[in-house]
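S.K.:
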Amino acid sequence: MFPSLRLGLSGMDEESRYFVVLETALSDGHRYKFSTSEWSVVGTAEPQTHSSTRLYVHPDSPATGASWMSQDVLFHRAKLTNNTLDRSGNLVLTSMHKYQPRIHIIKASDILALHWSPTVTFTFPVTEFIAVTAYQVNIINLLIEF
Numbered sequence: 001m002f003p004s005l006r007l008g009l010s011g012m013d014e015e016s017r018y019f020v021v022l023e024t025a026l027s028d029g030h031r032y033k034f035s036t037s038e039w040s041v042v043g044t045a046e047p048q049t050h051s052s053t054r055l056y057v058h059p060d061s062p063a064t065g066a067s068w069m070s071q072d073v074l075f076h077r078a079k080l081t082n083n084t085l086d087r088s089g090n091l092v093l094t095s096m097h098k099y100q101p102r103i104h105i106i107k108a109s110d111i112l113a114l115h116w117s118p119t120v121t122f123t124f125p126v127t128e129f130i131a132v133t134a135y136q137v138n139i140i141n142l143l144i145e146f
């Protein structure tokens with residue numbers, strides 16, 4: 001994901017264990033196109049893959065609150081794809097659709113307990129983006145580290 005997400009956490013119980021999960025949620029029901037230097041709506045959004053294919057569990061999960069709060073949480077390893085058959089743990093998105101990243105902080109020590117454990121969700125409107133398959137501006141390609 002470029003640019004990658006980075007955040008600082010606070011207010012956690014230092015001894016409890018937490019999972020930190022990145023979700024890419026569809027922002028609206030539209031499909032977009034980029035033309036004459038702007039984005040415009042061109043139709044209805046396509047049906048999306050199952051929501052579990054749009055979740056990325058941070059690899060340090062689960063960790064104690066003290067550990068999460070001691071340094072910034074980076075999502076530089078999160079990878080995006082438009083391949084609906086992907087089984088590599090990448091976030092499956094549909095090109096030309098708008099997404100809003102959500103961060104879920106889940107108080108749990110076992111991944112099997114995630115669905116019923118206490119959860120706090122954060123969204124940051126500035127991180128909303130439209131998924132594309134190729135950048136048309138060469139300078140963007142130079143900025144991305146593959």
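One point on numbering: in the UniProt record's numbering, the residue at position 35 of the sequence shown is 35, and numbering is uninterrupted.
Positions of the beta carbon are idealized from the N, C-alpha and C atoms, including for glycine.
(1) To the nearest angstrom, how far is the alpha carbon of W116 from that of P62?
(2) Please name the residue or residues paired with Q100 in a DSSP beta bridge.
(3) My output table needs one value for S67: the three-state DSSP class, helix, strand or coil.
(4) Would a C-beta distance cut-off of 8 Å place T44 and L93 closer than the cut-off?
(5) How many angstroms separate the CA atom of T123 from the CA atom of L22?
(6) Is the beta carbon of M12 sitting closer than 8 Å to the one on G89?
(7) Determine contact between the stretch 100-110 and the stretch 4-19, defined as no fewer than three beta-carbon pairs at a distance below 8 Å.
(8) Within its chain, find whatever has a CB closer than 7 Å to the CB of S40; leave out the 5 residues flanking it on each side and keep chain order.
(9) Roughly how many angstroms separate the alpha carbons of W68 and R54, rounded to a whole number?
(10) From which residue to which residue does the beta strand (DSSP E) around E38 run?
(11) Just curious, the beta strand (DSSP E) that V57 is in, first and last residue?
(12) Could you check if V120 is buried or exposed, using at least 16 other CB atoms within 10 Å of its CB as the buried criterion?
(13) Below 8 Å on the Cβ atoms is my contact criterion, and I expect K98 with S37 to pass it. Report the Cβ-Cβ distance as a whole number of Å.
M.R.: Looking at the coordinates:
(1) 15 Å
(2) A25
(3) helix
(4) Contact annotation: T44 and L93 have beta-carbon atoms that are not nearer than 8 Å.
(5) Rounded to the nearest angstrom, the two C-alpha atoms are 10 Å apart.
(6) In this structure, M12 lies away from G89, with their beta-carbon atoms at least 8 Å apart.
(7) yes
(8) Y32 and K33
(9) 22 Å
(10) E38 to T44
(11) For V57, the uninterrupted beta strand (DSSP E) run begins and ends at L55 to V57, by DSSP.
(12) exposed
(13) About 17 Å separates the two Cβ atoms, so there is no contact after all.
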